[in-house]
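Inspection log for the structure reproduced underneath, given as structure tokens.
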Amino acid sequence: MEPSLRQIRYFIAVANAGQISRAAMEISVSQSAVTAAIKSLEEMIAAPLFERHAGGVTLTYEGNLFLDHARHIVAAVEEAVQLPRRIRENVSGRINMAVSYTVSGYFLPPYIARFSRGFPNVQINLTEADRGVIEEGLISGTFDLGVVLTSNIINQEDLSCDTLFRSRRRLWLDAHHRFLEQSKVSLQDIAAEPYIMLTVDEASNTAQRYWNKTPHSPATVFRTSSVEAVRSMVANGMGVAVLSDMVYRPWSLDGRRVEVMPVTDTIPTMDAGFAWSNGSERSNAVNAFIEFMHLAMGPDTKGTWN
7 MEPSLRQIRY
17 FIAVANAGQI
27 SRAAMEISVS
37 QSAVTAAIKS
47 LEEMIAAPLF
57 ERHAGGVTLT
67 YEGNLFLDHA
77 RHIVAAVEEA
87 VQLPRRIREN
97 VSGRINMAVS
107 YTVSGYFLPP
117 YIARFSRGFP
127 NVQINLTEAD
137 RGVIEEGLIS
147 GTFDLGVVLT
157 SNIINQEDLS
167 CDTLFRSRRR
177 LWLDAHHRFL
187 EQSKVSLQDI
197 AAEPYIMLTV
207 DEASNTAQRY
217 WNKTPHSPAT
227 VFRTSSVEAV
237 RSMVANGMGV
247 AVLSDMVYRP
257 WSLDGRRVEV
267 MPVTDTIPTM
277 DAGFAWSNGS
287 ERSNAVNAFI
297 EFMHLAMGPD
307 TKGTWN
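Be aware that the sequence shown starts at 7, since it is given in this note's numbering, and climbs by one per residue.
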């Protein structure tokens, strides 16, 4: 017996929502249908996909592995419907594309590979750079397109942005942290804990802005540009961090678990998408890539990243 596309979509919805009931409401089906689909999938792979708890569900190790493949399956189906029309148009050309560090490390590569297979006559030249360099390069014409954290863009007069998704930020903590026994956690609670501060892609500047809206501040014990360093230190109980779901992975490189909790205070999402110069006309190749990405993200992830 093989899983159906419907079951896979239901699984993705639950993984995104963190609750079966919420997932059922978001995809407009009954909770029993979603529960049955998950149970059937778990029987097929002979392993639990979710750990059930009072607040909802979290992915198991096997569930995280399955989620990665499930998203690719759904995206591939969406592409299969649309790509023949685009390929017949024989899109060709070159895209000088600038990417930010987080985007290049945690999001973009599989989509670039799939686009290149579907559009073999389009050459993509990638350059990784920080926000300031990307903004200047787009305005000067050095870059045709930026795939960036659109929530970080400063020059909104000369640049246009198209956000693909918004990634919520949650608290990262080790598997035995006392906060996991609480029903909620606030920035005031977090301020009492040693804090691991990520600096790449202006993450520390963003964090400071939302901390400044409170009377509290993080007790930073270490600053690093490496997401993997944050993950490892959190997993080993050296501190906590508030980071986006886009860079979240439940296991550190040394095999220790990283848990997540929502924060009661209002914390802005990390938004990712495209930026280009208002003073330049987008080529057919650039338009094809933007359209491809919107299709490839699919209806299950469009708008949010969970």
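Ideal Cβ placement from N, Cα and C applies to all residues, glycine included.
The model shown is predicted, which means the values in this text are computed figures rather than measured ones.
Residue nearest to residue i in terms of C-alpha spacing, selected from the options
i      : options                        : result
Leu144 : Arg288, Ala302, Ile296         : Arg288
Thr156 : Ser146, Gly147, Gly138         : Gly138
Phe149 : Ile18, Glu134, Ala29           : Glu134
Ser283 : Asn158, Cys167, Glu187         : Cys167
Leu2   : Phe295, Phe298, Ala181, Asn218 : Because the chain in this structure spans residues 7 to 312, residue 2 falls outside the shown range and cannot be described.
Ser46  : Ala30, Ser27, Glu8, Thr64      : Glu8
Phe295 : Ala23, Phe280, Ala235          : Phe280
Val191 : Ile273, Asn22, Glu49, Glu48    : Ile273
Glu234 : Ser146, Met31, Val253          : Val253
Phe113 : Val154, Leu179, Ser238         : Val154
Val109 : Arg172, Ser27, Ser122, Ser189  : Arg172
Ala197 : Asn22, Thr226, Val105          : Thr226
Ser238 : Leu65, Trp178, Arg28           : Trp178
Leu65  : Ser189, His300, Ala23, Arg174  : Ala23
Arg255 : Ser286, Arg28, Gly111, Ser189  : Gly111
Exposure label - residue i; buried when at least 16 CB within 10 Å
i      : result
Asn211 : exposed
Ile160 : exposed
Gln162 : exposed
Ile14  : buried
Ile51  : exposed
Ser250 : buried
Pro221 : exposed
Val83  : exposed
Leu4   : Missing from the structure shown is residue 4; the chain here goes from 7 to 312 and no further.
Arg94  : Note on Arg94: pLDDT 49, under 50, position unreliable in the model; no value is reported.
Lys308 : Confidence at Lys308 is low in this model, with a pLDDT of 42, below 50, so its placement is unreliable and the value that follows should be read with caution. Lys308 comes out exposed.
Gly69  : buried
Phe298 : buried
Arg215 : exposed
Asp277 : buried
Asp74  : exposed
Arg12  : exposed
Ala181 : exposed
Gly147 : exposed
Asp306 : Any reading at Asp306 is ruled out, since the residue's pLDDT is 43, under 50, leaving its predicted position unreliable.
Ala30  : buried
Glu208 : buried
Ser10  : exposed
Asn328 : Not covered by the structure: residue 328. The range shown for the chain is 7 to 312.
Distance between beta carbons of residue j and residue i, contact taken as under 8 angstroms
i      : j      : result
Lys103 : Asn127 : The question names Lys, but residue 103 is Met in the sequence shown. The Cβ separation is near 16 angstroms, so there is no contact.
Val264 : Tyr107 : About 20 angstroms; that fails the 8 angstroms criterion.
Arg77  : Ile33  : No, Arg77 and Ile33 are not in contact; Cβ-Cβ is about 15 angstroms, not under 8 angstroms.
Glu187 : Gly124 : Not really, about 48 angstroms apart at Cβ, beyond 8 angstroms.
Val63  : Phe72  : Not really, about 13 angstroms apart at Cβ, beyond 8 angstroms.
Val292 : Ile101 : 6 angstroms
Whether residue i touches residue j by CB criterion (9 angstroms)
i      : j      : result
Val248 : Arg184 : no
Ala302 : Ala81  : yes
Ile202 : Gly152 : no
Leu170 : Glu141 : no
Gly61  : Gln37  : no
Pro224 : Ala213 : yes
Tyr16  : Ala43  : yes
Val35  : Val20  : no
Ser98  : Asn290 : yes
Closer than 8 angstroms: residue i CB and nearest the ligand SAH heavy atom
i      : result
Pro116 : What this structure holds is no ligand at all, so the ligand SAH is not there to describe.
Original post:
Counting Cβ pairs closer than 8 angstroms, one from the stretch 116–124 and one from the stretch 254–265, do we hit at least three?
Top reply: no
**OP:** Take every Cβ of the stretch 268–280, pair it with every Cβ of the stretch 228–237, and state whether three or more of those distances are shorter than 8 angstroms.
**Re:** no
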